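**Student:** Numbering (our numbering), first residue to last: 143 to 275. Glycine is no exception: its CB is placed at the ideal position from the N, C-alpha and C atoms. Predicted model only: the values in this text are computed from it and were never measured.
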Amino acid sequence: MKKVITYGTFDLLHTGHINLLRRAKEELGDYVIVAISSDEFNALKKKEAYYSFEQRKAILEAVRYVDEVIVEKSWDQKIDDIKKHEVDVFVMGDDWEGKFDFLSEHCDVVYLPRTVGISTTKIKKDLNLANNG
Ligand code: C2G
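#1: Between which two residues does the alpha helix (DSSP H) containing K241 stretch?
#2: Take T148 and list the residues in its own chain whose beta-carbon comes closer than 8 Å to its own, dropping the five residues that flank it on each side.
#3: How would you label T151, buried or exposed, when you count the other beta carbons within 10 angstroms and need 16 or more for buried?
#4: Report all residues from its chain with a CB closer than 8 Å to the CB of I265; omit the five preceding and five following residues, and keep chain order.
#5: Is the separation between the beta-carbon of K226 and that of F183 shorter than 8 Å?
#6: Can you round the beta-carbon distance between L107 and V146 to whole angstroms, since I take them to be within the 8 Å contact cut?
#7: Can I260 be considered in contact with the ligand C2G, in the sense that its beta carbon sits closer than 7 Å to one or more heavy atoms?
Here it is as structure tokens:
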């Protein structure tokens with residue numbers, strides 16, 4: 143079994159997230175683990191998620207491409223996660239290109255093109271405009 147892991151907040155789940163998860167499952171391996179940022183870690187990332195960790199976890203667990211959801215609590219847990227879960231491939235969108243190359247000692251590191259034109263920030267902005275004219 144080829145295991146893939148990815149990390150993120152995954153708030154207001156959208157097709158950009160889904161495209162990454164689908165490619166992880168269909169192209170990179172056959173078991174996909176998603177490490178979802180806790181609410182506390184989001185604060186460290188200066189990100190405020192609309193959905194709580196529990197809600198984001200429940201949503202991701204319902205995605206057909208996701209086999210397991212774990213929590214991301216810090217920047218420093220990736221190597222331990224890779225070892226503990228016997229991960230073969232680490233994947234992120236290419237907005238992170240190069241940032242996690244140090245993991246290549248432990249597993250393959252893949253950066254996939256981000257889906258253009260969609261983001262949680264854009265969704266919030268568009269909704270705000272729609273509501274406030
Ligand atoms: N993504 C994408 N296309 C988009 C938007 C997001 O491919 N249009 C990808 C990102 O590149 C990332 C994943 O979806 O790989 C999750 O995105 P975020 O929730 O924004 O993740 P981020 O806040 O960047 O957290 O330790 C790593 C961090 O937790 C990453």
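**Tutor:** With the given structure in hand:
#1: Premise fails: K241 is in no alpha helix (DSSP H) and is neither H nor E.
#2: Excluding sequence neighbours, T148 sits near L162, L163, A166, V174, I175, V176, A177, F232, V233 and M234.
#3: When all chains shown are included, T151 counts as buried.
#4: Answer for I265: L154 and H156, listed in chain order.
#5: Cβ atoms of K226 and F183: not closer than 8 Å.
#6: Nothing can be reported for residue 107, as the shown portion of the chain is limited to 143 through 275.
#7: Flag set: Cβ of I260 near the ligand C2G.
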